[in-house]
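A.B. asks: First, the structure itself, so that you have it in front of you.
Protein chains: 2
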Amino acid sequence: MARPTIADIADRAGVSKGAVSFALNGRPGVSEATRARILAIAEQMAWRPHSAARALGASRVDSVGLVIARPARTLGVEPFFAHLVSGLQSGLSAHSISLQLLIVEDTEAEIEVYRRWNSEHRVDGVILVDLTVRDPRIDELKALELPAVVIGGRGGKGNLPSVWASDRDAMLAVVEYLAALGHRRIAHVAGTPNFQHTQRRMRALRDAAPRLGLLEAPSLATDFSDAEGAATTRKLLSQAVRPTAIVYDSDVMAVAGLGVAMEMGVSVPGELSIVAFDDSILTQLMHPALTALSRDTFEFGRQAAEVLLEVIADPTVSINRRTADPVLTVRESTAPPA
Amino acid sequence: MARPTIADIADRAGVSKGAVSFALNGRPGVSEATRARILAIAEQMAWRPHSAARALGASRVDSVGLVIARPARTLGVEPFFAHLVSGLQSGLSAHSISLQLLIVEDTEAEIEVYRRWNSEHRVDGVILVDLTVRDPRIDELKALELPAVVIGGRGGKGNLPSVWASDRDAMLAVVEYLAALGHRRIAHVAGTPNFQHTQRRMRALRDAAPRLGLLEAPSLATDFSDAEGAATTRKLLSQAVRPTAIVYDSDVMAVAGLGVAMEMGVSVPGELSIVAFDDSILTQLMHPALTALSRDTFEFGRQAAEVLLEVIADPTVSINRRTADPVLTVRESTAPPA
DNA sequence: CTGAAGTGATAAACCGGTATAGCTCCTGCA
DNA sequence: TGCAGGAGCTATACCGGTTTATCACTTCAG
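If you read the protein sequences in the order shown, they are chains A and B.
For the first sequence, UniProt numbering begins at 1 and goes up steadily by one.
For the second sequence, UniProt numbering begins at 1 and goes up steadily by one.
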């Protein structure tokens, strides 16, 4: 037989389709004896639910979506997303729910995807990353009534459920460590100021500067690319009075920055300490290896999956789950200033 | 109205459900006038097909799958997959077909996924990557009668449709260039010998060695990790007579190798030339920047999508499409030997 | 003028599940 | 003895499309 249906099982067991459905879904309506018999037959016939049929009757699809709106070129190098996706899948597969992944060019296209997914009933909910200030996606998702979980920051004004770690505490951990080493001129090569996480980091640094007695603590915006990371570093190191430490908002930019330092003959960590705000093989392969802030992105994804499933089950709940803080992994790129 | 169905459209247009279905799918059975009227109403009501309903009646799901069996840690750093996925999606979205992406630990789990997808009718076909020698997936997919396209090599003994570039020609381009520079001792830090592409590269080097007058041209197997790449490099550079050039099967290993050269005081490209078999930001960020073989992975993915759709439409066709050869991007890590 | 073929449509079955109303026993209690 | 109530199961409607059998009507050839 090509592909058994519950009707086939019902025939074989001498019961009705309904009874089989009850038995397979573990809901009351059949005796334990009958249930066991049906389950045994289903097992033996290697029955699997037809996902489309199930999605048609009930209205869940057992599938959630993740849209990433970044140019693929940037993506390739960001270990963040690969780990996130793995974690999400690990959290979802326990409930045999699949993940739809889509990479698009911009937020506009991303919103279009949500509309389509929603109207075609392709997903039960979505995961949101890279929240921006006054993010248009929030209103859109509210309007569509599509369950969603925000990753990396609280759910914004729409108060969507979220899974987040404290960017503020992370930034504080970094600068407090640098200050303890004796650094007083610390620069911050930030990401896109439009992103909320970038803003939180900039604010944390600005707030901490007086308390730590920093003479200088500028945050410089970039587009997260290696090119702008390098350019910004070049500018910083060309000043009459250089910073003695630079904090980069991503591993890619930190690596680019290290390249500039070498090119300009600035020794790391002798004359300049470098810290990356994200850890990856990239930071470990460098010479010197870079001190970096490591987060458990896999676990992040797993928790996001969990929260999303709760939200799908009950769209009224509002969860804001804080995850473990990132930890500073000290390597060779940081030392007391000369 | 929450979500219009074809029944709603039929009501509004004063025709039957069947007529609406015919009109929307561009098949005969309705007059041009009626068709136009129905299409206008559907448009106005913002109707979208319910994917599950469609999948139930017909037996296509408008969704294809890609399973990657590699540890997520490796994945993050491989730009290859991000570009491939983007390319696939670009090729698929033109036909509004979605991509199911799954990352699993090993081939066994991968096969399990194919079985599940097939029995749950979740995908119309799949893309296969990292073909191994006597790959068990081929027989499995044949048995499941699940349309599939192999990426990166011909379809193996099962003769599955494929999209590929010539690893042989690529390797020849690299060693011929190195030989032309004057190198006679070239080592090859290869990947997993279990992978077909690794084998093809090893064979190409071995075959070309006599013709190019190479004194030495060993291929050393690794697991593609940065750790083994470094260890193998250390061994090569510890020999009494060192190779003057090393070709690495991946960008990550090449970077690790460069690190070892620096650590051992071997100047690049002065005493050692380095070539990476894959290009990425990684190779560009190094100092010196690495000479690398660049392939158009995005285009690769796009073509694979195209071929897969053809195979789904007609499972009997056997396409083996060869794509553009990779080109050697020369940077600072290669020079004539001392 | 009749029969055959073709056009444009409809009604109903169907895909594989889920949800529900209702039926048949059996048990317990007044 | 009678009846309420629940357990266990069946029959059937339903989800939103696609597909097929059928039918009314026109047209055209013989």
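Virtual Cβ for every residue (Gly too), placed ideally from N, Cα, C.
#1: Rounding to the nearest angstrom, what Cα-Cα distance links residue 361 of chain B and B:ALA19 in this structure?
#2: Enumerate, from N- to C-terminal direction, the unbroken alpha helix (DSSP H) stretches of 4 or more residues contained entirely within the region 224-270 of chain A.
#3: My output table needs one value for B:ASN320: the three-state DSSP class, helix, strand or coil.
#4: Identify, in the order they occur along the chain, each residue of the same chain with its Cβ nearer than 6 Å to the Cβ of A:GLY218, setting aside the five sequence neighbours on each side.
#5: What are the uninterrupted segments assigned as alpha helix (DSSP H) that are 4 or more residues long and contained completely in the region 100-180 of chain B, given in chain order?
#6: From the DSSP output, read off the bridge partner residues of A:VAL67.
#7: Check each candidate in B:THR291, B:VAL113 and B:SER250 and name the one with the smallest Cα separation from B:PRO269.
#8: Run through the region 176-225 of chain A for me and flag every whole beta strand (DSSP E) of 3 or more residues, listed as ranges in chain order.
#9: Going along the region 277-310 of chain B in order, which residues come within less than 8 Å of chain A, judged by CB to CB distance?
#10: What residues from chain A crowd round B:HIS121, counting only those whose CB sits closer than 8 Å?
#11: Pull the bridge partners of A:LEU328 from the DSSP assignment, please.
#12: Select from the region 233-260 of chain B all residues with a C-beta closer than 7 Å to any C-beta belonging to chain A, and list them in chain order.
#13: When the cut-off is 8 Å and only beta carbons count, does A:VAL15 lie next to chain B?
#14: Beta-carbon within less than 8 Å of B:SER90's beta-carbon, same chain only, minus the 5 sequence neighbours each way: which residues are those?
#15: To test your reading of the DSSP string, which unbroken alpha helix (DSSP H) runs of 4 or more residues are found completely within the UniProt domain "HTH lacI-type" (4-58) of chain A?
#16: Assess, as a yes-or-no matter, whether the region 140-149 of chain B is touched by the region 170-183 of chain B under the definition of 3 or more beta carbon pairs within less than 8 Å.
#17: Quick check on this structure: which residue in B:PRO288, B:GLU140 and B:ASP130 has the alpha carbon closest to the alpha carbon of B:GLN199?
#18: Under 7 Å Cβ-Cβ, which residues of chain B neighbour A:VAL61?
#19: Any idea what DSSP makes of A:ILE97, helix, strand or coil?
#20: Which one of B:VAL104, B:PRO4, B:ARG54 and B:ARG122 has the shortest CA to CA distance from residue 344 of chain B?
#21: In this structure, does DSSP put A:ALA304 in helix, strand or coil?
#22: Based on Cα-Cα distance, which residue from B:TYR114, B:ASP226 and B:PRO161 lies nearest to B:LEU282?
#23: To the nearest angstrom, how far is it from the Cα of B:LEU39 to the Cα of B:ALA23?
#24: Within a Cβ cutoff of 7 Å, which residues of the same chain sit near B:VAL266, ignoring the five residues on either side of it in sequence?
#25: Please return the same chain residues whose Cβ sits closer than 6 Å to the Cβ of B:ILE68, not counting the five positions on each side in sequence.
#26: I want to verify the contact list: residues of chain B whose CB lies under 7 Å from the CB of A:LEU56, in sequence order.
#27: Tell me the residue span of the beta strand (DSSP E) that contains B:VAL61.
#28: Using the beta-carbon count (16 or more within 10 Å), is B:LEU215 buried or exposed?
#29: Just the chain A side, please: which residues come within less than 7 Å of B:ARG12 by C-beta, in chain order?
#30: Does A:THR132 pass the burial test, meaning 16 or more other C-beta atoms within 10 Å, or should it be called exposed?
#31: Could you check how far apart the C-beta atoms of B:VAL311 and B:GLY125 are, in whole angstroms? I think they sit under 8 Å.
#32: Please go through the same chain and pick out, in chain order, the residues whose beta-carbon is closer than 7 Å to the beta-carbon of A:SER63, but skip the five residues on each side of it.
#33: Is there a Cβ of chain B sitting closer than 8 Å to that of A:GLN89, yes or no?
#34: With A:LEU308 and A:ILE127 assumed to form a contact (beta carbons below 8 Å), what rounded beta-carbon distance in angstroms separates them?
#35: Against B:MET100, what residues of chain A qualify as contacts under a CB-to-CB distance less than 9 Å, listed in chain order?
C.D. replies: The answer reads as follows:
#1: Here chain B covers residues 1 to 338 and nothing more, so residue 361 of chain B does not appear.
#2: 226-237 and 251-263
#3: strand
#4: Before going on, a small fix: residue 218 of chain A reads as Pro here, not Gly. Around A:PRO218: ALA187.
#5: 107-119 and 136-144
#6: A:LEU102
#7: B:THR291
#8: 186-189
#9: SER280, ILE281, LEU282, GLN284, LEU285, MET286, HIS287 and PHE298
#10: HIS50, SER51 and ALA52
#11: A:LEU293
#12: VAL252, VAL255, ALA256 and GLY259
#13: no
#14: PHE298, GLY301, ARG302 and ALA305
#15: 6-13, 17-24, 32-44 and 51-57
#16: no
#17: B:ASP130
#18: ALA52
#19: coil
#20: Lying outside 1 to 338, the shown extent of chain B, residue 344 of chain B is not represented and no answer is given.
#21: helix
#22: B:ASP226
#23: 7 Å
#24: LEU237 and LEU272
#25: ILE103
#26: ALA52, ALA53 and LEU56
#27: Note, B:VAL61: premise wrong, no beta strand (DSSP E); not H, not E.
#28: exposed
#29: Going along chain A, no residue has its Cβ under 7 Å from B:ARG12, so there is no contact; the nearest lies around 18 Å.
#30: buried
#31: 6 Å
#32: ILE97, SER98, GLN100, ARG122, VAL123 and ASP124
#33: yes
#34: 6 Å
#35: The question names Met, but residue 100 of chain B is Gln in the sequence shown. Within chain A, the residues near B:GLN100 are SER63, SER98, LEU99, GLN100 and LEU101.
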